[in-house]
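All remarks here apply to the structure that follows.
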């Protein structure tokens, strides 16, 4: 009994010690593991790409994690992941990383399908999120409070939204906050009086994308540069990628990979 | 295996002491690491600016969490307003009115439900409570009211179980004495049993508060997480726990430190509540 | 006849309450010695000193010396585990361990490191035979000991003690809760056992003491009133108190 | 005005009856909703196949494995620590300042909300010890979280073992440790198992502490350093991101049923432990 307990204690201790130098250990352990983490906006698409990639490359294991753009970039800087995902441009202090733009994504302003309004101006959107416009009747609908939903501090989508739409105005504190594209969409899809912003790739029949300044968000309008609320989806790497990573990135940028992204409503490099 | 029994006994004792100390070590580590991460920000920004500050914009240098402290207390009291009377009357029913068989069945059944994961409560809140509030009362539904209802239900098992034990531990002679003086059952319960079990019932409320204030995932699903102090029960709000869970995965630098200072404030509140429940009240029992 | 246990000037107090007030007595090898006296006389406390089970009582203060084979067992360096192997105890209420009959008997030998199955089996059979229980349980050794009757349980406890191969056996009113038949069986067993062991029988039953012991001691309120051969003590007690007790005038 | 006390008495009795059934009703409804909504989607395939398209299609097999691994490994670590502590507190020491401090530590650990365990696990195991989001980080965090439950239930169980059995064991020349392992623990096992089962239930249902330490990778974890997703986390993500309500209900059903089963076993063992000595 004593011995058993002893073994357990020793095992526990060894485990804790052995994992303090784990990144190196893992790199050696399995040659074909690629770890990717970061933006929750990019994550679902990366997962899809990985699923397809692994069908043809059975020896590969691709580990895709969320965490957010900033966390992904930090993890990349610490070498805890092979590839970081970001849904915003790099900031000062992050610029030493290599970036690979895998595609572009529009940010759609979405409302519930029952909402009769079809178009807003950029100005109106920013005033809604700034808290200046509080009721739908100010925009020509019923007398009912607007349930605006934003993303949380630190999100790449929010950071792009602030830069492209708010242009320096603050987002009001009274506005609801959700922590992913999916949860924003879920609120908008269930609340007829809600408005939010999500990745264009996630827009489906459950939510309605608004025309902004007369332009409907679509792959075409993004390509032609008419739709302005667009941000890049980036893969960031710290120095050169290893061969495994290169193979995956090559697949992502290939016609097949880009085709998958296009099917998801993203704007790639092929037509 | 060590043959000398005396030496072996000594060894065993030391191993067990180490095991017992591990709990203290873990508590210490938790405190140290949360404090270590969060305190530098208190130093940098100032205690007052964090605890009494109204603006939370960690990427822009504002770390005020006063609205979240207020909101945490609001949902906790909201949960108590809903859960305490329901839980207490359920406990009174179980302890004083129900038959032995029903008691044997209901009490464990209620306690089993304490095991239902909080995310399930949150999910049902989103699917059922939030739309009902939105359609029939107003607002977006993601609100203080919805959160209080869900938390109120979540603390029921805690309140029921501990109040029940407190009521059951009131000696039979108290009741018999009261009946002998011609009191009705309710008069006995109301004037004799409840006062005698008062500290246990209070402890159940405080432990329920502890559960409500610490709840996270269910809360971020239904609270709406807005940063302002709600001005009505239909407004969305963000609790301390919600703040941590919403932003932890994303945060770096000062932002992360800000979440750890949120953690410190939460930890302090919880420790005070636990202290009151465990040492202030139980001791009198 | 040589001395096995020599107790001198033994005082035991719990907090300020003195239970034994200076006891001096010699117990002889291969005899049955009866300790008798009304409740509160300190006889149970006395035997709990001999096997050092008194260590588990809180606030016990012990003074004096208890020598077994010339060695003071109240010494700080005494190995109590070893002592309890040499001094076996049977308690007033039979307390079988919640396991099988076989495992109850084998418990002690196993602790001493005896793992050999044949050896263990021999010890179990031998001990049960000596306790006059073998015939009743030989077919159901794997049955839970808790299912035995009270009398059988007490003989099981005796057998369990015998399996330790002790030198001394302390019995604390072993027959207090038993029917006459079970009592007779235990008494028969004890009379056989004194050939190999030194036995101390604590009892409030003067007739039992008279029936089976060689020496008797009478205790009263923590003091040893009289100690002699059983025959002499019961026929010509030198103290009036002893006579009154034996005749059942108090107790 | 004075209301007739007999009337009040009857009134209160009826009120309490209704109230109690209302409360029980709510809780029954919760379970019923999960069952009825989830049942159509739960089948052999759902349980044993891999998820596709982030869980929109397919089953929940990896999250079931992740849950089992997390729960089993956590109790593997927490049980010796917890039972050892309980043995120390009950058998090896008298009540003193020292035991008071340890009890205070245990009580405090029990009161810390899971998000703070998540916060701690994240900074300590994931970041400082560089485990990354991994099964190991999750296991160690949950180990600390369930430790108080195991200590408290084991202590109760050990205390319930009659003192007589210990005395007998000592009288048969057992040492303290032999007495503990051969007599006390075997008798206390049902009670200890109750604590373990309750802890398993807690680990299975936990989200906040798990998501920040074990991560949320949908892969089947194959080593301690792999990230993984438990059923509770999977359910949370499915429901919150609106990926699939059907799969969410299905997952919720599997989750709730397993927790209820675990708790029922715990109660069964507890009753067994109680009836043993009374």
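Protein chains in written order, with our numbering: chain A, 58 to 328; chain B, 19 to 303; chain C, 88 to 338; chain D, 196 to 473.
Glycine residues also receive a C-beta, built at the ideal position from the N, C-alpha and C atoms.
* Check whether residue 269 of chain D and residue 337 of chain D have beta carbons under 7 angstroms apart -> For the purposes of this step, residue 269 of chain D is taken as the residue at position 74 of the fourth chain. For the purposes of this step, residue 337 of chain D is taken as the residue at position 142 of the fourth chain. Cβ atoms of residue 269 of chain D and residue 337 of chain D: closer than 7 angstroms.
* **Sequence ranges, alpha helix (DSSP H) only - wholly within the segment 213-299 of chain B, length at least 4** => 216-232, 235-240, 258-265, 271-293
* Pick out the complete beta strand (DSSP E) segments inside the segment 153-208 of chain C, 3 residues or longer, and give them in chain order. => 174-177
* State buried or exposed for residue 249 of chain B, treating a residue as buried only when at least 16 other CB atoms are found within 10 Å of its CB. => If you number the second chain from 1, residue 249 of chain B lands on position 231. It is exposed - the Cβ of residue 249 of chain B has fewer than 16 other Cβ atoms within 10 Å.
* To do: For residue 42 of chain C, count neighbouring Cβ atoms within 10 angstroms of its own Cβ and tell me buried if that reaches 16, exposed if not.
  => With chain C running from 88 to 338 in the structure shown, residue 42 of chain C is simply not present.
* To do: Quick one: which unbroken alpha helix (DSSP H) runs of 4-plus residues sit fully inside the segment 189-246 of chain A? Chain order, please.
  => 213-218
* Closer than 7 angstroms to chain A by CB, residue 281 of chain B -> For this step, residue 281 of chain B is matched to residue 263 along the second chain. Not one chain A Cβ lies under 7 angstroms of residue 281 of chain B.
* To do: Kindly indicate if chain D contains any beta-carbon less than 7 angstroms away from that of residue 239 of chain A.
  => Within the first chain, the letter at position 182 stands for residue 239 of chain A. Taking Cβ atoms only, chain D reaches closer than 7 angstroms to residue 239 of chain A, which makes this a yes.
* chain A contacts from the segment 282-312 of chain D (Cβ-Cβ distance under 9 angstroms) -> none
* To do: Pull up the distance between the alpha-carbon of residue 98 of chain A and that of residue 214 of chain A, whole angstroms please.
  => Reading the first chain from its first residue, position 41 is the one you call residue 98 of chain A. Reading the first chain from its first residue, position 157 is the one you call residue 214 of chain A. Distance between the alpha carbons of residue 98 of chain A and residue 214 of chain A is about 7 angstroms.
* To do: Report yes if the CB atom of residue 158 of chain B is closer than 7 angstroms to the CB atom of residue 248 of chain A, and no otherwise.
  => Looking up residue 158 of chain B in the second chain gives position 140. Looking up residue 248 of chain A in the first chain gives position 191. Their beta carbons are under 7 angstroms apart, which means residue 158 of chain B touches residue 248 of chain A by this criterion.
* **Chain-ordered residues of the segment 457-472 of chain D with a beta carbon less than 8 angstroms from chain B** => 457, 458, 459, 462
* **residue 169 of chain C versus residue 257 of chain C: straight-line alpha-carbon distance, rounded** => Along the third chain, one-based indexing puts residue 169 of chain C at 82. Along the third chain, one-based indexing puts residue 257 of chain C at 170. Each residue's alpha carbon lies about 16 angstroms from the other.
* **Neighbourhood of residue 261 of chain D by C-beta distance below 7 angstroms, restricted to the same chain and skipping five residues each side** => Start at 1 with the first residue of the fourth chain, and residue 261 of chain D comes out as number 66. Result list for residue 261 of chain D: 416, 423, 424, 425, in chain order.
* Would you mind sorting residue 291 of chain D into buried or exposed? The rule is 16 or more other CB atoms within 10 Å of its CB. => Within the fourth chain, the letter at position 96 stands for residue 291 of chain D. Looking at its Cβ environment, which holds fewer than 16 other Cβ atoms inside 10 Å, residue 291 of chain D is exposed.
* Beta-ladder partner(s) of residue 310 of chain C, from DSSP -> Residue mapping note: residue 310 of chain C aligns to position 223 of the third chain, counting from 1. DSSP, once it has assigned bridges, lists C/307 as partnering residue 310 of chain C.
* Asked: DSSP on residue 315 of chain A, reduced to helix/strand/coil?
  -> Within the first chain, numbered from 1, the residue matching residue 315 of chain A stands at position 258. The answer is helix: DSSP assigns residue 315 of chain A an H, G or I state.
* Asked: What does residue 204 of chain A reach in chain B if we use C-beta pairs closer than 9 angstroms?
  -> Stepping through the first chain from its first residue, residue 204 of chain A is reached at position 147. Those are 152, 157, 158, 159, 160, 242, 254, listed as they occur along chain B.
* Asked: Thinking just about the alpha-carbon of each residue, which of B/143, B/265, B/43, B/245 is nearest to the one in residue 205 of chain A?
  -> To locate residue 205 of chain A, count along the first chain from 1; it is residue 148. Selected option, being the one with the closest Cα: B/245.
* Asked: From the beta carbon of residue 266 of chain B, is the nearest beta carbon of chain D less than 7 angstroms away?
  -> For this step, residue 266 of chain B is matched to residue 248 along the second chain. Taking Cβ atoms only, chain D reaches closer than 7 angstroms to residue 266 of chain B, which makes this a yes.
* Could you check how far apart the C-beta atoms of residue 167 of chain A and residue 112 of chain A are, in whole angstroms? I think they sit under 8 angstroms. => What you label residue 167 of chain A is simply residue 110 of the first chain in a count that begins at 1. What you label residue 112 of chain A is simply residue 55 of the first chain in a count that begins at 1. No, residue 167 of chain A and residue 112 of chain A are not in contact; Cβ-Cβ is about 32 angstroms, not under 8 angstroms.
* Which residues share a DSSP beta bridge with residue 155 of chain A? -> Here the question's residue 155 of chain A lines up with position 98 in the first chain. Answer is A/294.
* Quick one: is residue 61 of chain B buried, meaning 16 or more other Cβ sit within 10 Å of its Cβ, or exposed? -> Indexing the second chain from 1 puts residue 61 of chain B at position 43. Under this definition residue 61 of chain B is an exposed residue.
* Looking only at its own chain, which residues have a Cβ that is under 7 angstroms from the Cβ of residue 309 of chain D, when we skip the five neighbours before and after it? -> For this step, residue 309 of chain D is matched to residue 114 along the fourth chain. Excluding sequence neighbours, residue 309 of chain D sits near 340, 401, 403, 404.
* Along chain G, in chain order, which residues have C-beta atoms closer than 7 angstroms to that of residue 123 of chain C? -> The displayed structure is made up of protein chains A, B, C and D, and chain G is not among them.
* Over what stretch of residues does the beta strand (DSSP E) that includes residue 142 of chain A continue unbroken? -> Mapped onto the first chain, residue 142 of chain A falls at position 85. Residues 140-143.
* Segments assigned alpha helix (DSSP H), at least 4 residues, entirely inside the segment 256-296 of chain A -> 276-280
* Residues that residue 249 of chain D contacts on chain A, provided the C-beta gap is smaller than 7 angstroms -> Residue 249 of chain D sits at position 54 when you count from the first residue of the fourth chain. The answer, in chain order, is 101, 104.
* Anything in chain D within Cβ reach of residue 198 of chain B, meaning under 9 angstroms, just list it in chain order. => On the second chain, position 180 is the one that residue 198 of chain B refers to. Within 9 angstroms Cβ-Cβ: nothing; residue 198 of chain B doesn't reach chain D, min ~16 angstroms.
* Taking C-beta pairs closer than 8 angstroms, name the residues in chain D that residue 27 of chain B reaches, listed in chain order. => Indexing the second chain from 1 puts residue 27 of chain B at position 9. What residue 27 of chain B touches in chain D: 370, 371, 372.
* **As assigned by DSSP and simplified to three states, the class of residue 188 of chain B** => Taking the first residue of the second chain as position 1, residue 188 of chain B is located at position 170. Three-state result, residue 188 of chain B: coil.
* At a cut of 8 angstroms, does the segment 23-39 of chain B reach the segment 120-139 of chain A through at least three beta carbon pairs? -> no
* For residue 180 of chain B, which residues from the same chain have a beta carbon less than 7 angstroms from its beta carbon, with the 5 sequence-adjacent residues on both sides left out? -> The sequence position of residue 180 of chain B within the second chain is 162, counting from 1. These residues qualify, in order along the chain: 218, 221, 222, 225.
* Three or more beta-carbon pairs under 8 angstroms between the segment 170-178 of chain A and the segment 220-231 of chain A, yes or no? -> no
* To do: Check whether the Cβ atoms of residue 182 of chain B and residue 113 of chain B lie closer than 7 angstroms to each other.
  => Your numbering for residue 182 of chain B matches position 164 in the second chain. Your numbering for residue 113 of chain B matches position 95 in the second chain. Yes, Cβ-Cβ distance for residue 182 of chain B and residue 113 of chain B is below 7 angstroms.
* Buried versus exposed, by CB contacts within 10 Å (16 or more), residue 420 of chain D -> For the purposes of this step, residue 420 of chain D is taken as the residue at position 225 of the fourth chain. Label assigned to residue 420 of chain D: buried.
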